[in-house]
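Please read the structure below before turning to the comments.
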Amino acid sequence: MPPAMLTSLAQARRWPRIDLQADDFRRGQKDFGRLRLEASPSRLQPQWDISSLVIENPQARFEGSGQWAALSLADPLGLSQTRLQFVLSVVNGGRLLDRLGYPGLLRATPGSLRGNVGWP
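Taking the working numbering, the leading residue of the sequence shown gets 4, the next gets one more, and so forth.
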């Protein structure tokens, strides 16, 4: 992404530090469990540094860190770019998928997944 597309470093430094905890994190009918997010403006880049993102429930634990950057503040769509490094540790994949609205796809399947994702 061209540097001109990002907010200025001065604008990004005014963004607040985030220390958020939610014991009941949901999106629509999907119950994700507990959420913990710690993020702060970068001193060097026009972005938030996500030092910790944790989503956990009895079936799984997602842990990640990364960056979030807004595109131009003048952009009416409010587009942004997110990059995360993560580890997903699954105790029971069947119950996790049931919890997220996809019942019957797996049974009592443990596992783990590690990776890097980014969007857009």
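Built from N, CA and C at the ideal position, the CB exists for glycine as well.
Asked                                                                                                              : Found
Length at least 4, wholly inside the segment 10–98: the alpha helix (DSSP H) runs in chain order                   : 12–16
For ARG102 and ASP34, believed in contact at Cβ under 8 Å, the rounded distance                                    : 6 Å
SER45 and ALA63 closer than 8 Å at C-beta                                                                          : no
Nearest-angstrom beta carbon gap, ASP22 and ARG37 [assumed within contact, 8 Å]                                    : So it is not a contact: roughly 14 Å between Cβ atoms.
Candidates LEU100, TRP71, ASN95, of which the one nearest ARG86 by Cα                                              : TRP71
Residues bridged to GLY114 [DSSP beta-bridge criterion]                                                            : VAL93
Per-residue burial, ALA73 [other beta carbons within 10 Å of its own, 16 or more giving buried]                    : buried
Paired residues, beta bridge with GLY121 - DSSP                                                                    : ARG86
Straight-line Cα distance separating TRP18 from ARG84                                                              : Going by the sequence as given, residue 84 is Gln instead of Arg. In a straight line, the C-alpha of GLN84 is about 16 Å away from that of TRP18.
Three-state secondary structure (DSSP) of LEU108                                                                   : coil
Straight-line gap, PRO61 to ASN95 (C-alpha atoms, nearest Å)                                                       : 8 Å
Nonlocal neighbours in the same chain, by C-beta distance under 6 Å from ALA42, ignoring five residues either side : ILE21, TRP51, ILE53
Reference GLN32; option with closest CA among SER55, LEU40, GLY104, LEU82                                          : GLY104
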